[in-house]
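Heads up: the structure comes next, in structure tokens.
Pasting the structure below:
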């Protein structure tokens, strides 16, 4: 038998016996301070992203007032994802492209564990569809079709009341981008928020929400290292919205394993 | 051609031209003051619910600090759902049983319009599964099996990270209740949060989330007029959580109708 | 208490007592002969559809060998949907546009009842998104954006293993059509099979599956009365596939209402 | 760029050029002969399953007339899952318990590849929830709560029109079984067909459908090696239904990778 306990819950349970119902607190209060880690490989062209993509994305999260925004990269100790840091992270944003294979399997396991059992949110950006962690969470190849000729993309909101679409217009454009086209080999998302139109004639499910374990995952298509897409206000808004949506819920420890005594007479 | 515009959005758009992107505001701020209307028929036994079920449910919403909680009933003018009141309502909680047929069709249309096009949340409680408004939103019979012998119910959380399950233990019990059993004739919910076990041998999908238009709908099974179920802390917590979840999103006006000019050259 | 019983099941149950398990039959056998009714208003231009759209669609169903294909129209007795005919129908295909309002409410109720409680499949084509029956089954406005300049549409298969996509290429084109664009106000479909790209810059969820009651519903976007779209082989293939998918399951009578005796001691 | 091609499709495409639309064939015809492989570890008690669980399950599939039913076990060459066999398999049924860890990772990769890219169906039975292949496909822990005191289980059909519920009564019982209880850590299933009631007070999502890649996956809870559950007619019927549902669709090769030439002028 084993009881998995999330960090947040352990803290919350500090003053109460395990199993007690946490019904007393006020519902209107703000959650404790949130922490986002923005991770990228360090491979983006300096001409477009002088401080790499992690910094560009982090700068776009300024509207998350009161949140702590941190960057991390592949070259950092523990590949930027030390266990201690992870335990204190509410949302991890992941951009990778040419170095997916360099991320060590034990790092992937660690992140997976933190999402599924700890409730950390994960936001995979653009070529992050092929990262080890996203593929492990999806269980499919996450493969797709692509073309790199700098064509136009128009992103349509198909679920306008979803929190990740808050404050957006019905559609917005990315002037020049790499195309990703269907068939995108993912499980049907728990919510499909955005669909992209491409100048070259393709479509793509561009904003996809998933629940895995007690963690929330958002895949967001836009972003290519050769275009300044992460400086666009609409793209920044989506990522900020996604951070709020993906942050861990107030979720008691999930108890798995043997339940020796039946609740009813057998 | 027609453009449907929600109240909240119109207000929000007051100072900006239609179509402008609302990207500037801080994301950490609290929404404007929320308003919940708790509606019941006025038919519950006075011995159990001296001020009817609407008041009992309203009292349980005290943890929603800063929210305005209002009660309404069938005998009120406009059957408790005047257009003006509805336009100012974020979440409508609905409990009905013997008087479903007395609710006038134009009232049902009005509520439906406010949910689907205005984004008002709707929470249907217990026998509210057979209310005109819930059936209209679902498109099915919403029929089920039932038995009234006061048996025990145990409610299991199957999606612990859902906002509606916040603060709840893995399961909780209702000592005596009317049984509702499968097959429950609803569309597969967008999220299934609770499943009930009954002493008499039945199961039921007890907590079901739906998106319809830009409105959010939650069906919650517990509650029978002959038992003090709406005084239970866990039940109160679920309903309060559901109010927060179902409150309207920051959602720009949905534009339907003719789109005369193509966005691209044709 | 009431027990709803589908026609197919009653026939199947002929020789057995109600409640007996139907486990004995071979699984490899073909179902009994299927019957499809193709309904249209009778308003399509004779230059494009000389025998109206119902006949054009019916002709495209020739590959459904062994099926009975029937046409019906608004001017027929009982508006083409007599109770007796409906009881013998496995799949009803519905195309309407300017005459939605002329379909009488009791006819809509009758079709709804047959879908939800009897398991008849319903396929709504193109402007059938605004038919009374489709809107009643969806519970939303089913509104959308549209433009009629004869632009090109490209339909992408996003769920290639869905039975409705059988035999199709990854995408196919409609040279000239009326555009339908997002936001399409439907519940999130139980399966999203197709997404359309439009020359004018829009996208649309073009092939959507829904379960409602014990009936299956498919919405398929293509088709406008001023273009010969229902003569295209890919469009015909989709509709034929959808007939097979939507035909009633081997489904015992759903029992609703009071379940007097508990299955377990209480 | 890479094009993944399923065996079935390659065969089907034999006489046509890749990319041609397969619109010509009749829809009423039977698929080519299907092949099911039933795999188990070889660890069940001989007193209950003298020829192990694979044989018991295979015998229950007799109603699949015209199908080839084969058994396989861990001790077979290639752990019972040789590449050649897999390529000829339409549905793989998997029962494991104490030997999950012995299944080699490359075998798991092979089966995963065949499901996701080749469209083979996978049916995981009972303790197969913890098999490497099921966990890899789900992306979560697939953990749950359990108790082994031989209590009663009652399985309720919640989606009666699903093909996997064909021919079943509204509920059926398993007199003595091991209990599995929620929280079951799986992604929300694409269809939830069965929910279990347990004598000891628990519930469980017992019949869950998933699409992954172009493969279909069904998890079915019943079955414990110390009880003769796989001899029950209702259980056998479910597994046979699931084989029919999970068999590969008529699905053209999914093309991934670089799409050099845009379909529209850019």
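Protein chains in written order, with our numbering: chain A, 1 to 266; chain B, 1001 to 1266; chain C, 2001 to 2266; chain D, 3001 to 3266. Beta carbons are placed, not taken as given, at the ideal position from N, Cα and C, and that holds for glycine. Predicted model only: the values in this text are computed from it and were never measured.
- Residue 3104/D counts as exposed, since fewer than 16 other beta carbons sit within 10 angstroms of its beta carbon.
- Put simply, the CB of residue 2173/C is far from chain B, with every gap to its CB atoms at 8 angstroms or more.
- Within the same chain, 3123, 3164, 3218 and 3220 come within 7 angstroms of residue 3242/D by CB-CB distance, once the 5 residues on both sides are set aside.
- When C-beta distances to chain B are compared with 8 angstroms, the residues of the stretch 3196 to 3211 of chain D below that value are 3196, 3197, 3198, 3201, 3202, 3203 and 3205, in chain order.
- Around the beta carbon of residue 2102/C, fewer than 16 other beta carbons sit within 10 angstroms, so the residue counts as exposed.
- In the three-state reduction of the DSSP assignment, residue 2195/C falls in the strand class.
- Of all residues in the stretch 255 to 266 of chain A, only 255, 256, 257, 258, 259, 260, 261, 262, 263, 264, 265 and 266 place a beta-carbon less than 9 angstroms from a beta-carbon of chain D.
- As the crow flies, the alpha-carbon of residue 3149/D is around 14 angstroms from that of residue 3223/D.
- For the C-beta of residue 2214/C, the chain D residues within less than 7 angstroms are, from N- to C-terminus, 3160 and 3161.
- Residue contact check for residue 90/A against chain D: no CB pair falls below 8 angstroms.
- Residue 3263/D and residue 226/A have their C-alpha atoms some 23 angstroms from each other.
- Within 7 angstroms of the CB of residue 1170/B, the CB atoms of chain D belong to 3183, in sequence order along the chain.
- In the structure shown, the three-state DSSP call for residue 2206/C is strand.
- Taking the beta carbon of residue 3157/D as reference, the chain B residues within 9 angstroms of it are 1182 and 1183, listed in sequence order.
- Shown here for residue 213/A: same chain residues with a beta carbon closer than 7 angstroms to its own, the five before and five after excluded, namely 115, 116 and 117 in chain order.
- The DSSP-derived three-state label of residue 2171/C is strand.
- Close to chain D, meaning a Cβ-Cβ distance shorter than 9 angstroms, are the following residues of the stretch 2092 to 2119 of chain C: 2119.
- Per DSSP, residue 230/A has no beta bridge partner at all.
- Around the C-beta of residue 3252/D, 16 or more other C-beta atoms lie within 10 Å, and the residue is accordingly described as buried.
- In the structure shown, residue 134/A falls within a helical segment according to DSSP collapsed to helix, strand and coil.
- Residues of chain A with a Cβ closer than 8 angstroms to the Cβ of residue 1154/B are, in chain order, 263.
- According to DSSP, residue pairing for residue 2180/C in a beta bridge involves 2146/C.
- Taking 3 residues as the minimum length, the beta strand (DSSP E) runs contained wholly in the stretch 3043 to 3088 of chain D are 3068 to 3073, in order along the chain.
- Residue 3103/D: not part of any alpha helix (DSSP H); DSSP gives it neither H nor E.
- Residue 2197/C sits close to residue 203/A, with the two beta carbons spaced by under 8 angstroms.
- Per DSSP, the beta bridge partners of residue 3258/D are 146/A.
- A Cβ-Cβ distance of about 14 angstroms is found for the pair residue 1190/B and residue 2191/C, leaving them out of contact under the 8 angstroms criterion.
- Among the residues of chain A, those whose CB is under 8 angstroms from the CB of residue 3149/D are 262 and 266, following chain order.
- Of the residues 107/A, 231/A, 128/A and 113/A, the one whose Cα lies closest to the Cα of residue 206/A is 128/A.
- The C-beta of residue 1145/B comes closer than 8 angstroms to at least one C-beta of chain C.
- Distances from the CA of residue 2081/C to each of 2040/C, 2098/C and 2059/C were compared; the closest alpha carbon is that of 2040/C.
- Nearest neighbour of residue 2100/C by Cα position, chosen from 2161/C, 2062/C, 2133/C and 2216/C, turns out to be 2133/C.
- When C-alpha distances from residue 3236/D are compared across 3166/D, 3068/D, 3140/D and 3096/D, the shortest belongs to 3166/D.
- Excluding the 5 residues flanking it on each side, residue 2069/C has same chain C-beta neighbours closer than 6 angstroms at 2036, 2058 and 2061, in chain order.
- Per the C-alpha coordinates, the member of 1186/B, 1182/B and 1131/B positioned closest to residue 2210/C is 1186/B.
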